[in-house]
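One structure is given here, and the rest of the page talks about it.
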């Protein structure tokens with residue numbers, strides 16, 4: 641079975657009942673993680689969560705099949721989550737899918753979130769035609785789709801929220817659905833809401849729980865770097881370290897912004913009026929109004945081959961951070977400085 645973010649909501653419930661192997665991929669890592677969480681919530685009895693790193697699985701590919709047949713000390717149910725990069729899970733999936741179909745059906749569900757993989761990867765091709773597997777591809781979301789997801793999360797949490805507030809949350813988290821889910825959870829806790837006792841959400845409620853997130857978030861650094869604002873970058877890096885923010889998460893936010901710029905550039909075509917085009921996107925609610933100044937600057941800086949090279953540079957930086965966690969702060973700061981210099985207007 642195959643799905644994308646467009647039809648995943650309609651596919652997920654049936655897949656959760658029928659499938660045993662789930663492969664979530666695509667450039668929107670937050671969307672892939674969110675989809676895995678939704679499937680887990682739909683399982684009849686998910687039980688204990690067993691996490692496996694993709695690198696460990698690549699070194700020991702037999703482990704996945706073994707884990708699907710394992711039992712806990714108390715005989716509880718389990719589900720297995722693999723966090724992989726690219727094709728790290730391929731050999732393990734080959735071993736698992738070579739098993740007898742009845743053994744797979746009786747085994748624990750396996751959910752693989754494969755950063756850097758697509759539905760064209762060998763892992764996806766191995767699974768896509770199987771009735772007991774689901775391959776789901778997630779592209780970077782736009783403001784409208786994340787706004788819709790925020791409203792869905794709010795409804796499920798017992799929050800009555802208008803489109804404008806949902807859009808504000810979507811924009812404040814840089815279109816990251818995982819962070820949006822966290823904001824909705826904080827709102828529900830703050831308002832003591834649940835589906836049996838729903839609460840109306842006001843702008844003042846959002847101010848109360850979102851002030852810290854908006855002030856301390858990663859987007860000021862993301863915008864300073866991608867806009868080439870060299871004067872702001874050192875201050876934002878210092879604030880970043882003081883708040884102990886996550887370098888990998890911030891690079892992911894940069895990757896989402898670059899994907900957004902690519903979509904905007906494709907829609908804009910050959911037009912040279914960047915400011916007018918971006919204003920139109922805000923007016924049509926495809927872009928959050930608070931992002932207008934930064935996106936206008938960034939779209940002027942990054943177009944065509946330069947934008948493609950920026951995407952490649954961020955992927956390289958992402959991989960380097962994952963490969964060497966001890967050197968991650970230094971690698972991250974150097975990468976930010978290099979990108980900011982490249983973004984500065986040419987004289």
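In my numbering, the protein residues as written are 641 to 987.
Think of the CB as a built atom: it goes at the ideal place given N, C-alpha and C, for glycine as much as any other residue.
Nothing here was measured: the structure is a model prediction, and the numbers come from that model.
Cβ contact annotation for residue 731 (same chain, cutoff 6 Å, sequence separation greater than five): 701, in chain order.
Beyond the five residues adjoining it in sequence on each side, residue 673 comes within less than 7 Å, by CB distance, of 753, 818 in the same chain, given in chain order.
Sixteen is the threshold: when 16 or more other Cβ atoms of the shown chains lie within 10 Å of the Cβ of residue 787, as they do, the residue is buried.
Residue 682 is positioned such that its CB atom lies closer than 8 Å to that of residue 656. If you draw a straight line from the Cα of residue 747 to the Cα of residue 717, it is about 10 Å long. Here the C-alpha atom of residue 955 lies approximately 44 Å from the C-alpha atom of residue 836. Judged by their CB atoms, residue 917 and residue 911 are nearer to each other than the 8 Å cut-off. Excluding the 5 residues flanking it on each side, residue 741 has same chain C-beta neighbours closer than 8 Å at 772, in chain order. In this structure, residue 903 sits near residue 782, with a CB-CB distance shorter than 8 Å. Counting only unbroken stretches of 3 or more residues, the beta strand (DSSP E) elements lying wholly within the stretch 773 to 860 are 773 to 777, in sequence order. The residue among 694, 743, 905 with its C-alpha nearest the C-alpha of residue 726 is 694. For residue 864, same chain residues with a beta-carbon under 6 Å away, outside a window of 5 residues either side, are 872, 873, 876 in chain order. Each of 641, 678, 774 was checked against the Cα of residue 793, and the nearest Cα belongs to 678.
For residue 690, the pairing in a beta bridge is given by DSSP as 720.
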